[in-house]
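One structure below.
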Amino acid sequence: MFAKVFRVKSNTAIKGSDRRKLRADVAAAFPTLGTDQVSELVPGKEELNIVKLYAHRGEAVTVYVSGGNPILFELEKNLYPTVYTLWSYPDLLPTFTTWPLVLEKLAGGADLMLPGLVVPPAGLPQVQKGDLCAIALVGNRAPVAIGVAAMSTAEMLTSGLKGRGFSVLHTYQDHLCPEGRQLDIKKSSYKKLSKFLQQMQQEQIIQVKELSKGVESIVAVDWKHPRITSFVMPEPSPTSQTIQEGSREQPYHPPDIKSLYCVPASMTLLFQESGHKKGSMLEGSEVRTIVIDYAKKNDLVDADNKNLVKLDPILCDCLLEKSEQHTVMKLPWDSLLTRCLEKLQPAYQVTFPGQEPIVKKGKIYPIDITLAQRASNKKVTVVRNLETYGLDPCSVAAILQQRCQASTTITPAPGAKDSLQVQIQGNQVHHLSWLLLEEYQIPRKYIQGLEKAPKPGKKK
Numbered sequence: 001m002f003a004k005v006f007r008v009k010s011n012t013a014i015k016g017s018d019r020r021k022l023r024a025d026v027a028a029a030f031p032t033l034g035t036d037q038v039s040e041l042v043p044g045k046e047e048l049n050i051v052k053l054y055a056h057r058g059e060a061v062t063v064y065v066s067g068g069n070p071i072l073f074e075l076e077k078n079l080y081p082t083v084y085t086l087w088s089y090p091d092l093l094p095t096f097t098t099w100p101l102v103l104e105k106l107a108g109g110a111d112l113m114l115p116g117l118v119v120p121p122a123g124l125p126q127v128q129k130g131d132l133c134a135i136a137l138v139g140n141r142a143p144v145a146i147g148v149a150a151m152s153t154a155e156m157l158t159s160g161l162k163g164r165g166f167s168v169l170h171t172y173q174d175h176l177c178p179e180g181r182q183l184d185i186k187k188s189s190y191k192k193l194s195k196f197l198q199q200m201q202q203e204q205i206i207q208v209k210e211l212s213k214g215v216e217s218i219v220a221v222d223w224k225h226p227r228i229t230s231f232v233m234p235e236p237s238p239t240s241q242t243i244q245e246g247s248r249e250q251p252y253h254p255p256d257i258k259s260l261y262c263v264p265a266s267m268t269l270l271f272q273e274s275g276h277k278k279g280s281m282l283e284g285s286e287v288r289t290i291v292i293d294y295a296k297k298n299d300l301v302d303a304d305n306k307n308l309v310k311l312d313p314i315l316c317d318c319l320l321e322k323s324e325q326h327t328v329m330k331l332p333w334d335s336l337l338t339r340c341l342e343k344l345q346p347a348y349q350v351t352f353p354g355q356e357p358i359v360k361k362g363k364i365y366p367i368d369i370t371l372a373q374r375a376s377n378k379k380v381t382v383v384r385n386l387e388t389y390g391l392d393p394c395s396v397a398a399i400l401q402q403r404c405q406a407s408t409t410i411t412p413a414p415g416a417k418d419s420l421q422v423q424i425q426g427n428q429v430h431h432l433s434w435l436l437l438e439e440y441q442i443p444r445k446y447i448q449g450l451e452k453a454p455k456p457g458k459k460k
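In the UniProt record's numbering, the protein residues as written are 1 to 460.
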């Protein structure tokens with residue numbers, strides 16, 4: 001909504017009666033907020049402005065600005081918090097998580113698609129279609145966007161996490177944000193901006209240059225400075241902790257993974273008698289039972305050799321190549337079943353403990369470990385596809401950095417949409433093997449590249 005520049009119609013100070021009405025509206029819209037929190041959000045004496053504007057698509061929006069920060073906005077008589085408000089009350093809305101790479105797309109006006117969701121060990125929050133939700137990034141609980149759920153949580157899981165998940169209304173870095181958070185130096189211990197800038201420059205956090213007499217400009221910021229990187233969100237209030245008690249992060253447990261088969265249009269005639277249609281998902285044992293029952297029900301088992309099955313027109317159309325249509329009249333049971341499985345489309349089901357199964361078409365990609373050469377002939381270990389197994393690349397990188405005593409970086413995975421890869425300095429396949437197999441208990445068949453571990457006695 002605020003992805004493009006909007007037009008301001010008016011900006012006026014709020015009246016006392018409107019301030020009281022706003023408090024009542026906030027309390028009604030967000031019942032989890034206590035009376036003190038509502039009074040804190042909509043202060044009684046501090047400056048509070050009403051900004052009426054038109055979004056780039058013509059929507060009439062009312063924005064409430066407190067202390068220079070947009071705290072709420074109203075659209076079609078519905079009240080919404082801004083990301084600034086959610087930073088102070090991060091548990092105000094059910095929160096879904098996505099990858100950092102997605103934020104740029106959301107800020108550009110895109111909706112959040114379900115493939116971009118990260119499913120935490122505790123499962124997705126339970127919401128209904130139309131519920132207002134917050135969106136945060138992996139590794140940071142501070143929300144960066146708000147949106148309306150396009151479907152319920154149950155429907156999201158049934159869809160295999162495909163399709164549009166949330167209609168995004170507002171994001172960090174959109175055009176509402178420049179209206180946002182300001183540092184009130186007068187309320188700090190520095191009192192004057194010049195003293196603050198001088199102290200920050202002495203600590204080598206920023207570089208300040210005097211452009212002309214009395215005019216200073218910040219020309220550089222050290223974003224890797226410990227004072228910046230160590231900054232964290234304040235701990236939630238006791239009320240927020242109570243609300244979130246049941247959704248705290250739980251220890252990782254590997255998912256249960258099942259191979260499935262999807263019925264394509266070309267195979268529907270064979271499966272319709274058993275009540276299945278195009279798109280039906282079946283396990284291998286179910287496919288075997290259906291084919292055996294079909295052959296027996298239609299008297300296709302060869303009377304002279306029980307190991308052979310006669311092919312009727314449906315089996316011919318479903319299983320034989322065109323060149324075989326007039327030459328192959330019977331097939332052994334094992335060949336019949338193998339051909340049937342090969343003609344079906346691959347799919348898989350991933351179930352995390354305590355969650356509804358997630359079904360997806362295609363083959364499941366294993367966690368992929370590779371070695372690569374970098375500058376000065378140095379080796380690095382690269383691991384990707386962690387997200388499929390519910391593993392957070394940022395958390396994995398942090399653990400490996402500590403245990404390997406080596407630098408790690410996280411970058412977008414080439415050729416993979418909204419996926420990240422972890423790069424560790426040196427050959428660290430041994431450490432990865434221990435982490436994935438022993439600690440995370442990922443089955444070995446879902447990991448490729450373990451054989452690349454350095455041989456005993458060889459230099460890593």
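Just so it is clear, CB atoms sit at the ideal spot from N, CA and C, and this is done for glycine as well.
Whole-angstrom C-beta distance between residue j and residue i, which should lie under 8 Å
i: Leu93; j: Leu86; result: 7 Å
i: Leu75; j: Val61; result: 5 Å
i: Lys360; j: Asn427; result: Rounded, the Cβ-Cβ distance is 32 Å, inconsistent with contact.
i: Leu161; j: Leu114; result: 4 Å
i: Val291; j: Leu331; result: Not quite, the Cβ-Cβ distance comes to about 11 Å (not below 8 Å), so this is no contact.
i: Tyr294; j: Leu269; result: Not really, about 10 Å apart at Cβ, beyond 8 Å.
i: Val383; j: Ile369; result: 5 Å
i: residue 463; j: Ala154; result: Residue 463 lies beyond the range of the chain shown here (1 to 460); nothing can be said about it.
i: Glu356; j: Leu197; result: Glu356 to Leu197, Cβ: 53 Å. No contact.
i: Gly139; j: Cys394; result: 4 Å
Cβ pair residue i, residue j closer than 8 Å
i: Ala134; j: Pro120; result: no
i: Thr408; j: Gln423; result: yes
i: Ile205; j: His225; result: yes
i: Val263; j: His276; result: yes
i: Lys129; j: Ser159; result: no
i: Leu300; j: Met329; result: no
i: Thr95; j: Leu117; result: no
i: Val148; j: Leu137; result: no
i: Ile358; j: Tyr446; result: no
i: Leu106; j: Leu112; result: yes
i: Asn14; j: Leu41; result: Correcting the residue identity first, residue 14 is Ile in this sequence and not Asn. It is not a contact, given that the beta carbons lie outside the stated cut-off.
i: Ala27; j: Val38; result: yes
i: Leu176; j: Thr289; result: no
i: Ala220; j: Met281; result: no
i: Pro255; j: Tyr64; result: no
i: Phe352; j: Gly67; result: no
i: Ala24; j: Gly108; result: no
i: Gln202; j: Tyr190; result: no
Counted within 10 angstroms of its Cβ, other Cβ atoms place residue i as buried (16 or more) or exposed
i: Tyr54; result: exposed
i: Lys306; result: exposed
i: His326; result: exposed
i: Ala303; result: exposed
i: Thr338; result: exposed
i: Leu211; result: exposed
i: Arg7; result: exposed
i: Leu193; result: exposed
i: Ser17; result: exposed
i: Ile174; result: Note that residue 174 is Asp in the sequence shown, not Ile. By the neighbour-count rule (16 or more Cβ atoms within 10 Å), Asp174 is buried.
i: Thr171; result: buried
i: Pro90; result: buried
i: Thr381; result: buried
i: Ser419; result: buried
i: Gly415; result: exposed
i: Gln425; result: buried
i: Asn377; result: exposed
i: Glu283; result: exposed
i: Glu387; result: buried
i: Asn11; result: exposed
8 Å Cβ cutoff, residue i in contact with chain C
i: Leu103; result: Absence of chain C from the displayed structure is noted, only one protein chain being present.
Open item on the list: Threshold first: 4 residues or longer. Then list the alpha helix (DSSP H) segments lying entirely within the region 72-113, N to C.
Closed with: 83-88, 100-107
Open item on the list: What ranges does the beta strand (DSSP E) occupy inside the UniProt domain "SUI1" (367-440), keeping only unbroken runs of at least 3 residues that lie completely in it?
Closed with: 367-373, 379-384, 408-412, 420-425
TODO: Count the C-beta pairs between the region 310-320 and the region 336-344 that are closer than 8 Å, then say yes if the count reaches three, no if not.
DONE: yes
Task: Sufficient close CB pairs (3 or more, under 8 Å) joining the region 429-438 to the region 447-456 - done: Touching, yes.
Task: Sequence ranges, beta strand (DSSP E) only - wholly within the region 142-173, length at least 3 - done: 164-171
Open item on the list: Check whether the region 398-408 and the region 365-373 are in contact - that is, three or more C-beta pairs closer than 8 Å.
Closed with: no
Open item on the list: Restricting to runs no shorter than 4 residues, where is the alpha helix (DSSP H) found entirely within the region 302-376?
Closed with: Counting only runs of 4 or more, we get 313-319, 333-343.
Task: Contiguous alpha helix (DSSP H) assignments of at least 4 residues, all confined to the region 257-296 - done: 268-271
Open item on the list: To test your reading of the DSSP string, which unbroken beta strand (DSSP E) runs of 3 or more residues are found completely within the region 193-232?
Closed with: 206-212, 215-221
Task: Start-end ranges of the alpha helix (DSSP H) lying completely within the region 11-50, minimum 4 residues - done: 16-29, 35-41
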